[in-house]
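First comes the structure, then the notes that go with it.
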Amino acid sequence: MKLKILAVSVVASLFIIVVSSLHYSEAQVYENQANFKYVKERIIEPIPGKTGWWKYLLKVCADDHSLAIAEVILSSDTEKIYQGVNKAIPKGECSFYGAVMKAKNSNTLGYKITQTHEAVQKIIDSKQGKLTNTSWAEISRYKFIIGFY
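Per the numbering used here, numbering of the sequence shown is gapless, rising by one per residue and ending at 205.
Given below as structure tokens:
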């Protein structure tokens, strides 16, 4: 009897270890929001003397109305940088966002820009129990960036 209990415990422990060690990832490793109409310029330059390192800059301009930016995510195939911005760009002006990033290939450098109204809507939806394609970590980031408690 003790042997059966021990065997079941060992099998259950192994199952838990195997399942907890699996890493579930998204189908796409990096963000690539190529259709954001307010990004006017994307500058990608290699860092001289350092292979795999890139200077990555975005120029975001508010053409037709003021633009409230909550977060800019810069990503590549090897890393992801979250920039909590919480800034309004007045109509007719531009703002720059960027970082020095590590990437195997410059084609994998991407971005995702979240406007403040989108972040607030996701926070409100989470309070109503409607989480669609949004993680709690993302909601927590938005709450911290915007100061919404």
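We treat Cβ as the ideally placed atom computed from N, Cα and C, and that holds for glycine.
Asked	Found
If we call anything under 8 Å between Cβ atoms a contact, is Tyr-167 one with Val-128?	yes
In chain order, what residues of the same chain lie with their CB nearer than 7 Å to the CB of Thr-134, ignoring the 5 residues before and after it?	Lys-158, Ala-159 and Lys-160
Keeping to the same chain, check which residues put their C-beta closer than 8 Å to that of Glu-82; ignore five residues upstream and five downstream.	Here Glu-82 scores only 37 on pLDDT, less than 50, and its place in the model should not be relied on; the value that follows carries that caveat. Once the five neighbours on either side are set aside, Glu-82 has no close Cβ partner at all.
Check whether the region 99–119 touches the region 142–158, counting contact only when three or more Cβ pairs, one atom from each stretch, lie closer than 8 Å.	yes
Roughly how many whole angstroms lie between the Cα atoms of Leu-165 and Ile-145?	24 Å
On the premise that Lys-111 lies in contact with Glu-101, defined as a C-beta separation below 8 Å, what is that separation, rounded to the nearest angstrom?	5 Å
What residue range is occupied by the uninterrupted alpha helix (DSSP H) comprising Ala-159?	Here Ala-159 belongs to no alpha helix (DSSP H), and DSSP marks it neither H nor E.
Thinking C-beta only, is Phe-204 closer than 8 Å to Ile-169?	no
Return the chain-ordered list of same chain residues with a C-beta closer than 6 Å to the C-beta of Phe-200, the five sequence neighbours on each side being excluded.	none
Within the continuous beta strand (DSSP E) that includes Thr-172, where are the two ends?	Looking at the DSSP string, Thr-172 is not in any beta strand (DSSP E); the run it does join, the alpha helix (DSSP H), is 172–183.
Can you say whether Ser-182 is buried or exposed, counting buried as having 16 or more other CB atoms within 10 angstroms of its CB?	buried
Mind checking who Lys-115 pairs with in its DSSP beta bridge?	Glu-97 and Phe-152
Using a threshold of 8 Å, state whether the C-beta atoms of Lys-147 and Ser-122 are closer than that.	yes
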